[in-house]
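From first to last, the protein sequence lines are chains A and B.
Per the numbering used here, the first sequence starts with residue 25, numbered consecutively.
Per the numbering used here, the second sequence starts with residue 25, numbered consecutively.
Every residue, glycine too, gets a C-beta built ideally from N, C-alpha and C.
Given the structure is predicted, the values throughout are model-derived calculations rather than measurements.
Number of protein chains: 2
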Amino acid sequence: MDKQTKKRLEADGWQVGDAQDFLGLADAEAEFIEMKLALAEDLRARRLKRHLNQTQVARIVGSSQSRVAKMEAADSSVSIDLLIRSLLKLGAARADVAKAVSAQSHARAS
Amino acid sequence: MDKQTKKRLEADGWQVGDAQDFLGLADAEAEFIEMKLALAEDLRARRLKRHLNQTQVARIVGSSQSRVAKMEAADSSVSIDLLIRSLLKLGAARADVAKAVSAQSHARAS
DNA sequence: GTATGATATGTCAGATGCGACATACGTGCC
DNA sequence: GGCACGTATGTCGCATCTGACATATCATAC
């Protein structure tokens, strides 16, 4: 980062001295999406393991088939909140969620 | 659970045979709140470790001091989405988030 | 073919979450 | 006392998320 840029950013109130923050803004979002994908995959895996269809899962978690489909697809309209709540309602423990959170998703890169 | 109840629930579409789901509905919410508390604590710990105040964190994560305060208090108006996004923007890795997710919160029981 | 079941996609009204602002509370210093 | 700083709490208008519904797509069986 050149001094000019640094100066401007500082004027805007950025903590430029603490490099990680600035460099991480884009990465943070990428990591977030990766997490979402991993959780979505875990949800589907859990469902399949128990031989349930999306409609049955919808009943269990208190939602609808279409939303379950969107959850599994990590649709942009689905929050991590909803994914985690659903996993927990399917019987996942906190440790299971943690595992999914740090897991590498198997989805192909975009 | 007596047979009468079981029958009624099945008629309503519940997967009663799979006990965990039904019994876990309340627990799931409790676990969810515990997770939120743990993430909130981690956020505060990260901030303090770097000797930042809430206003500075607000700038970094793109929010306001009041919302950061609410995040750290695990206020009901803040989502896990926001907590995780904020942690990532503060430089936490996915593994760090996972650790927090499974960590026991130090908050006193209600 | 077409019927049946499962999954995906699009849309919408109502619910929830968000940043921002004002303001209250607390603590230390003068 | 007052002032400065940090944190907490309440509220609000706007944005995003959610369950529900309709409908599409895709298999598999007959």
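Asked: Can you tell me where the alpha helix (DSSP H) holding A:R74 begins and where it ends?; Found: No alpha helix (DSSP H) holds A:R74; DSSP gives it neither H nor E.
Asked: Using a C-beta to C-beta distance shorter than 8 angstroms, which residues of chain B count as neighbours of A:A52?; Found: R109, L112, K113
Asked: Can the beta-carbon of B:L107 be found less than 8 angstroms from the beta-carbon of B:K60?; Found: yes
Asked: Please classify A:S110: is it buried, with 16 or more other beta-carbons within 10 angstroms of its beta-carbon, or exposed?; Found: buried
Asked: For A:A122, go through chain B and note every residue whose CB falls closer than 8 angstroms to its CB, in chain order.; Found: A122, K123, V125, S126
Asked: In angstroms, rounded to a whole number, what distance separates the CA positions of B:A127 and B:A62?; Found: 6 angstroms
Asked: For A:D99, does the three-state DSSP call read helix, strand or coil?; Found: coil
Asked: Going by DSSP, what residue range makes up the alpha helix (DSSP H) through A:S110?; Found: 104-113
Asked: Which class does A:Q128 belong to by DSSP, given the choice of helix, strand or coil?; Found: coil
Asked: Could you say which of A:A124, A:A116, A:H130, A:T79 lies nearest to B:A54 if we only look at CA atoms?; Found: A:A116
Asked: Would you tell me roughly how many angstroms separate the C-alpha atoms of A:D120 and A:L67, rounded to the nearest one?; Found: 11 angstroms
Asked: Could you check if B:A69 is buried or exposed, using at least 16 other CB atoms within 10 Å of its CB as the buried criterion?; Found: exposed
Asked: Distance cutoff 8 angstroms, beta carbons only. Does B:I57 sit that close to anything in chain A?; Found: no
Asked: At a Cβ cut of 8 angstroms, what residues of the segment 95-106 of chain A count as close to chain B, listed as they run along the chain?; Found: S103, I104, D105
Asked: Give the DSSP-derived three-state secondary structure of A:S87 in the structure shown.; Found: coil
Asked: Within 10 Å of its beta-carbon, does A:S100 have 16 or more other beta-carbons around it, so buried, or fewer, so exposed?; Found: exposed
Asked: Suppose you measure from the CA of A:S88 to the CA of A:A82; what does that come to, to the nearest Å?; Found: 5 angstroms
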